[in-house]
Every structure is written in C-alpha cells, then in structure tokens.
Amino acid sequence: MIYSTDRILTAHAGSLPRPDDLREMVLAKARGEPIDQATLDARLKSAVAEIVKRQVACGLDVVNDGELSKPNFTDYVSARIAMPVCVDKLRYVGQAELARDLDNFKAALAGVTVAEAFLPANTPGTIEHWMGNEYYDSDEAFLFAIAEAMREEYNAIVDAGFLLQIDDPDLPDGWACLPKITVPEYRKYAALRIDALNHALRDIPREKVRLHVCWGSFHGPHHDDIPLKDIIDLIFRVRAGSGHCTDFIEHPDLLAERLVRYAELVGRENVLAGTDCGLGTRVGHPSICWAKFEAMAEGARRATKILWGRA
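According to the numbering used here, the residues represented by the sequence shown are 366 to 676, in order.
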C-alpha cells in the first residue's frame with residue numbers, strides 16, 4: 366500500500382454508479398432471469414474501462430472497477446460460494462466470474478496512469494449474516510469454512526497485482542443486528558469473526574490489504590451504532606495495512622481542514638483522502654458521486670499546499 370509521501374493521495378471505498386443498461390442486465394441475472402451472457406460480458410468490459418477513466422478524470426489516485434459486475438457487495442457472494450443456504454461443505458465456485466473481473470480491470474488500467482488499484486471483497490462475518498447454515502455444527506466452524514472459501518478470491522486479487530480491499534461492515538454493524546447483546550459479549554462475537562478473517566488473509570502481506578469498516582450506508586439515524594472506542598482495538602487486530610455515506614458534497618476547504626487535522630495527529634504520509642461507501646447504491650444521481658470525487662481531489666490539493674507548503 367502506498368503512502369502520501371509528497372502529497373495527499375485520493376481514493377474511495379468501492380461501488381460506483383453503473384450505466385442504466387448495465388444495471389438492468391446485472392440485476393436481471395441476479396434475479397434469475399434469462400440474459401444474453403455475451404452481451405453482458407461485452408458491456409461489463411466497456412463499462413469498467415469507462416469507470417476507470419472517469420475516476421482518473423475526477424482526480425483520484427487509487428482506483429477500482431466500481432464493482433460494476435456485482436448486484437451489491439453482499440449478494441455477489443451467492444454466485445461464488447456453492448449453496449446460498451449451507452447444507453454441505455462450502456467450496457468456492459466463482460473462478461470464472463472472478464477471472465473476468467480481473468481481466469476487465471487489467472484491460473481498463475492499460476490506458477491510464479494511477480498510483481494504485483484495488484478490488485473489494487466481502488468478509489466471512491458479513492457473508493455469515495446473509496447465508497443460512499444447516500451443515501456446520503457451530504458458528505466458529507461455519508465462519509472458518511467461509512473464510513477458507515473466500516481465501517481463494519482474496520489470494521487471486523493480490524496475485525493479479527491489485528490491492529485487496531476487505532469490506533467489513535459486519536465488524537461494527539453486527540451490533541445493530543443483536544439488540545440484546547452487551548458490549549463484552551459483542552466484543553467476543555466480533556473477535557471470532559476477526560480470527561476467521563485473519564485465517565483467510567494469512568498468506569497475504571499486510572501491505573497488500575486495506576480494510577473498509579463502516580456502520581452501514583443506509584439512510585437512518587444511526588443512533589444505536591456501537592461507538593468506535595468500544596471496538597477500535599479489535600479493528601487494529603485485522604491483518605491489514607490500513608483501515609478506513611452521505612449525499613452531501615463537502616466544500617474543498619472543509620475537506621482540507623479535516624485532512625490537515627488528521628495529518629497533524631498521525632503524520633501526513635499516513636493520510637489518504639477517501640469517500641465512504643455507498644456511492645454506487647445510495648447517493649442518487651451519478652453526478653453527485655463525480656462531484657464528491659472532484660471536491661475531494663481539490664480538498665486534497667489544498668491540504669497538500671498547507672502540509673507541504675506547495676500545491
């Protein structure tokens with residue numbers, strides 16, 4: 366993972382707006398409706414090329430494929446791990462779709478210059494939220510089976526030369542799914558899921574992994590969110606190099622102020638400007654996403670001027 370050694374670099378958290386025609390095909394396939402696979406594959410390839418160029422045009426340094434092939438960040442796993450309800454030993458079956466995503470992203474990157482490129486993948490704890498279990502005799506056995514299956518996807522992303530982003534909203538967001546649990550009990554719950562994740566990441570260097578943690582991008586009050594102070598030490602246990610949605614477009618001066626504040630606390634080289642998740646699913650019109658990126662890039666330039674004394 367790169368550092369902001371001579372200026373504040375910019376990134377984002379994952380999903381980006383899909384073209385309408387592509388979204389219709391991806392969602393139709395997810396619903397089990399018949400589609401022309403060749404047409405979908407061709408449109409995915411062109412759309413990934415377009416989305417990479419758009420990120421670069423907005424001023425981003427660290428880009429991804431927009432997760433354009435995925436119906437959403439959770440449901441895509443059901444096509445890559447056998448059994449949406451686990452009734453037998455889990456196994457990874459998404460090799461063809463994963464290879465397509467890797468090839469499309471590599472092709473899209475060939476025509477642009479970026480500082481780094483990443484691809485997101487889901488975590489055992491989050492997958493467990495949405496997958497029923499009728500086979501394994503304990504939560505621990507089930508989680509580690511998911512981890513072993515997803516390990517193939519994690520390793521393939523890194524072996525292809527990309528940074529692996531681990532999407533782990535389960536780490537704080539699981540609290541909201543367990544309304545009667547105490548903080549000590551929840552910490553034990555979260556620790557087991559971190560152990561399973563680290564098991565899947567065991568062969569990948571920390572510097573090849575970045576962690577995306579959030580409290581969910583849903584438009585709710587978030588008044589029952591577990592405080593960061595109650596789980597921050599657990600987050601730091603994840604084998605990752607760094608850890609990280611509203612539809613407001615923040616002013617570049619506000620963004621610069623926040624970046625400078627963080628830089629003064631942790632060192633300017635350790636700060637990477639980025640948006641939260643949900644830009645592809647939660648913020649409405651795609652123009653909001655691109656405007657947020659442009660504002661962020663300008664805010665990073667202004668913070669760079671303050672921190673390094675130049676633009």
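Note that CB positions come from ideal geometry on N, CA and C, so glycine has one too. On a predicted model such as this, the values are computed, not experimentally measured, just so you know.
- Buried is the label assigned to R575, since at least 16 other Cβ atoms lie within 10 Å of its Cβ.
- Here DSSP, grouped into helix, strand and coil, assigns Y501 to coil.
- Where G639 is concerned, the enclosing beta strand (DSSP E) starts and stops at 637-639.
- Within the DSSP secondary-structure output, H577 pairs in a beta bridge with D532.
- Counting along the chain, T375 sits inside the beta strand (DSSP E) bounded by residues 374-376.
- Here the C-alpha atom of N563 lies approximately 20 Å from the C-alpha atom of A378.
- In chain order, V391, A412, G431, L433, G645 place their CB closer than 8 Å to the CB of R383, counting only its own chain and leaving out the 5 sequence neighbours on each side.
- Taking 9 Å as the cut-off, the beta carbon of A482 is found closer than this to the beta carbon of G526.
- According to the DSSP assignment, L557 belongs to the alpha helix (DSSP H) that extends over 548-565.
- Straight through space, the alpha carbons of I400 and R602 are spaced by roughly 43 Å.
- Leaving aside the five residues that flank V421 on each side, the residues in its chain whose CB is nearer than 7 Å to its CB run, in chain order, V428, V477, V479.
- Rounded to whole angstroms, the gap between the alpha carbons of M496 and Y441 is 12 Å.
- If you draw a straight line from the Cα of R456 to the Cα of S503, it comes to about 18 Å.
- Annotated as distal: K573 and A510, with beta-carbon spacing of 9 Å or more.
- The alpha-carbon separation between E505 and R445 amounts to approximately 21 Å.
- When secondary structure is reduced to three states using DSSP, P537 falls in the helix class.
- By the neighbour-count definition (other C-beta atoms within 10 Å, threshold 16), T404 is an exposed residue.
- E481 has V427 as its beta-bridge partners, per DSSP.
- Using a 10 angstroms sphere on the CB of E499, the tally of other CB atoms stays under 16, which defines it as exposed.
- In the three-state reduction of the DSSP assignment, N487 falls in the strand class.
- In the structure shown, the three-state DSSP call for V450 is strand.
- Between A514 and L474, the alpha-carbon positions lie close to 28 Å from each other.
- When the beta-carbon positions are compared, I531 and H577 come within less than 9 Å of each other.
- DSSP places K394 in the uninterrupted alpha helix (DSSP H) bounded by 385-395.
- Taking the Cα positions, I653 is about 20 Å away from P436.
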